[in-house]
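The structure appears right after this line, and notes come after that.
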Amino acid sequence: TIHIATEKVDDGPILAQEEVPVLDGDDEATLHERIKTVERRLYVDTLRSFLEDLAENPA
14 TIHIATEKVD
24 DGPILAQEEV
34 PVLDGDDEAT
44 LHERIKTVER
54 RLYVDTLRSF
64 LEDLAENPA
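Every position in the sequence shown, counted from 1, becomes a number in the working numbering once 13 is added.
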């Protein structure tokens, strides 16, 4: 989950969210690697979308 940070923990509006499956045979390391792969892509995609929206709708 990627969200706008506020003073409260996990309180800001959600910008993007994606589930990561837990597979049979997963251990902490394999699940962590799968999460990191999704996380990296999601950060880039979300930041790109956020900046495009900001450019199209400046405050």
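Glycine residues also receive a C-beta, built at the ideal position from the N, C-alpha and C atoms.
None of these values were measured; they are calculated from a predicted model.
So, are the CB atoms of G25 and I15 less than 7 Å apart?
For this step, residue 25 is matched to residue 12 along the sequence shown. For this step, residue 15 is matched to residue 2 along the sequence shown. Going by C-beta atoms, G25 is not nearer than 7 Å to I15.
Determine the direct distance from the alpha carbon of E31 to that of Y56, and round the result to whole angstroms.
Counting from one through the sequence shown, the residue named residue 56 turns up at place 43. Counting from one through the sequence shown, the residue named residue 31 turns up at place 18. Answer to the nearest angstrom: the Cα atoms are 11 Å apart.
Beta strand (DSSP E) containing I27: first to last residue?
Working through the sequence shown from its first residue, we reach residue 27 at position 14. Where I27 is concerned, the enclosing beta strand (DSSP E) stretches over 27 to 29.
Does DSSP put I48 in a helix, a strand or coil?
The residue you call residue 48 lines up with position 35 of the sequence shown. In the structure shown, I48 sits in a helix (DSSP, three-state: H, G or I).
Could you check whether V33 and R53 sit closer than 7 Å to each other, using their CB atoms as the reference points?
As a first step, residue 53 must be located in the sequence shown, where it is residue number 40. As a first step, residue 33 must be located in the sequence shown, where it is residue number 20. Taking C-beta atoms as the reference points, R53 and V33 fail to come closer than 7 Å.
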